[in-house]
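Start counting the sequence shown at 75; every next residue gets the next number (our numbering).
Where a beta carbon is used, it is the ideal one built from N, C-alpha and C, also for glycine.
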Amino acid sequence: MSGHQPSAVDEDGLDPPAYLAGALNDVIPAIGAALGLPAAHEGRALGWSPEPTRKACLLLVDGMGRELLRRHAAYAPYLTALLAEPGIGHSLTAGFPSTTSTSLASVGTGLPPGAHGMLGYRLMVPATGRLMNFLRWDQNVDPLEWQPRETMFERMTAAGITVTHVSAPRFADSGLTRSVFRGARFSGADSADEQARRAVEALGAGERSFVYLYYRDLDFIGHTVGVGSPRWREELSYVDGLVQRLAEQLPSDATLFVTADHGMVDIPQDHRIDMDQDWELRAGVALLGGEARARHVYATSGAARDVLAIWEERLDGIAVVRSREQAVAEGWFGPPDEVDAGMAARVGDVIVAMKGDWAVVATEREAVDARQIGMHGSLTKEEQLVPLLEIR
């Protein structure tokens, strides 16, 4: 494995994710090692190594970026105190794009995006030439064919660890669950308190146990009313209490790990470029994938170079724009030597990472998403940096 971490976007004020120095895809392999599973990522400088344990629970809070936690410390005193404590609080990078489908795939497989192939919120399916939404799984695509690599849950189960996935019932048989979380027993519950109760119960189900628990509402509220809103801060306070209650209910031989899939940025109305109303950005574009902060732009035949030039000029100063080949070589989707060639074919001809609080929306083709207040997906520290807490 190469130890080189490309940094070619540094001059633009954005950095590639730290795939070789502590990223989301390292979390479950490290927890697995603490449970006695052979280490999956030998040689990576993770900056943390959990103590051996017989039972572990990983709670992933959707949208709880590290910078958001620090900015709103008064509303999350329990979490922020732990984040500041040496040996307990750590920071990771989410990976690119910093979005739920990609990050959950990195968590579930223990692989960077370029290896597991869940490379964005919306991608073109090469076999059909159509866009697919990877949260809704709205095309007839076999999840095991789209993501054929062994999941960490399958590895743990094969090693004799009892593995349970706790989430809302509607996610039990979703394409995303089958693609990146297969191998676990699913336990569905609607309320967060009931999910926490089931997680604690599942920890006692085996001699060695691992539970993955997912919490969604903080992200949903951020998208709807923004991370600067009173409602979002109230929800963060609820999450703070939820984590503390869960930690207090743990069996004495268990460890609780808390992380997130990405942060979030509120986008002002005057920093939204509407691609559907911009004839320059539409020129030569066959499909617009990704999301407002991290775009996959698929060009019509023969137009990729022209589209790259247009988007570079049009978004000068407010975005980093790269060709597919450049983004892969610079390490956006993982160390270049770990990016599968077949997976790379799913990447847009042009890749866009927005700076600051800018976005490229599409008010006609993505009407609902274009109305969001909070957004994510790019390479800024507000979106990339996520906490990792180890609570005993």
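Could you compute how far the alpha carbon of residue i sits from the alpha carbon of residue j?
i    : j    : result
S469 : G376 : The requested residue 469 is not part of the displayed model; the chain covers only 75 to 466.
I347 : W432 : 8 Å
R259 : G96  : 28 Å
A266 : V421 : 35 Å
A276 : V285 : 7 Å
F407 : D335 : 15 Å
T127 : A104 : 11 Å
H146 : R379 : 43 Å
A179 : R396 : 23 Å
L132 : S241 : 12 Å
A189 : F255 : 15 Å
I341 : E268 : 34 Å
L287 : E387 : 43 Å
G191 : D414 : 8 Å
L205 : W220 : 14 Å
V434 : V301 : 19 Å
A419 : V402 : 11 Å
D390 : V215 : 37 Å
L310 : A150 : 6 Å
Helix, strand or coil for residue i? Go by DSSP, reduced to three states.
i    : result
Y288 : strand
G117 : For G117, the predicted structure reports a pLDDT of 46, less than 50, and the residue's modelled location is therefore unreliable. A value from the coordinates is still provided. It is coil, neither helix nor strand.
E224 : coil
A366 : coil
D340 : strand
V101 : helix
D348 : strand
P80  : Below a pLDDT of 50, predicted positions are generally treated as unreliable, and P80, at 42, falls in that range; the measurement from the model is reported next regardless. The answer is coil: DSSP assigns P80 none of H, G, I, E or B.
V215 : coil
I425 : strand
L134 : strand
L66  : No statement about residue 66 is possible, as the shown extent of the chain runs from 75 to 466 and does not include it.
Y93  : coil
V442 : helix
A436 : coil
P112 : coil
W122 : coil
T183 : helix
Since residue i sits in a beta bridge, which residues does DSSP pair it with?
i    : result
N207 : R196
G238 : According to the sequence displayed, residue 238 carries Thr and not Gly. Paired residues: R259, V285.
S165 : P461
G448 : D340
K129 : S283, A328
A378 : Answer is none; A378 lacks a bridge partner.
S397 : V424
Y149 : Bridge partners of Y149: none, in fact.
Y372 : L361
A334 : V135
Does residue i get closer than 7 Å to chain B when you measure Cβ to Cβ?
i    : result
S283 : This model lacks chain B altogether, as it is built from one protein chain only.
Closer than 6 Å by C-beta to residue i: which residues in its own chain qualify, once you throw out the five before and the five after it? Chain order, please.
i    : result
I465 : A321, L330
H297 : Q446, G448
L57  : The structure shown has nothing for residue 57, since the chain only spans 75 to 466.
R140 : S165, L459, V460, P461
G280 : T236
A263 : Q269, R272
E438 : D350
M428 : R367, A393, S452
P243 : G262
V274 : Q323
L239 : One point to set straight first is that residue 239 is His, not Leu, in the sequence displayed. Excluding sequence neighbours, H239 sits near F255, A258, F260, Y286.
Give every residue of the same chain whose Cβ lies closer than 7 Å to the Cβ of residue i, excluding the five residues on either side of it in the sequence, and list them in chain order.
i    : result
G184 : N99, I102, P103, A114, M226
S177 : L98, A168, G169, D335, H336
A130 : I105, A108, L109, F284, A328, T329, F331
G278 : P325
T154 : L143, R144, A147
P91  : A97, T167, A168, G169, F170, Q458
Just to check, is the beta-carbon of residue i closer than 6 Å to a non-hydrogen atom of the ligand GDP?
i    : result
M417 : The ligand GDP is not part of this structure, which contains no ligands at all.
Tell me which same chain residues have a C-beta within less than 8 Å of the C-beta of residue i, skipping the five on either side of it?
i    : result
T174 : D136, Y195, L209, D293, D335, H336
Y289 : L133, L134, V135, D136, A266, Q269, V313, L316
query: Should the region 237-256 be called in touch with the region 198-217, which here means at least 3 C-beta pairs below 8 Å?
result: yes
Q. Can at least three beta-carbon pairs, one atom from the region 226-241 and one from the region 447-460, be found at a separation below 8 Å?
A. Touching, no.
Quick one: any contact between the region 102-114 and the region 191-208, if contact means 3 or more CB pairs under 8 Å? Contact fails: fewer than three Cβ-Cβ distances are below 8 Å.
Does the region 353-362 come close enough to the region 152-168 to have 3 or more Cβ pairs within less than 8 Å?
As far as the Cβ criterion goes, the region 353-362 does not touch the region 152-168, which means the pair count is below three.
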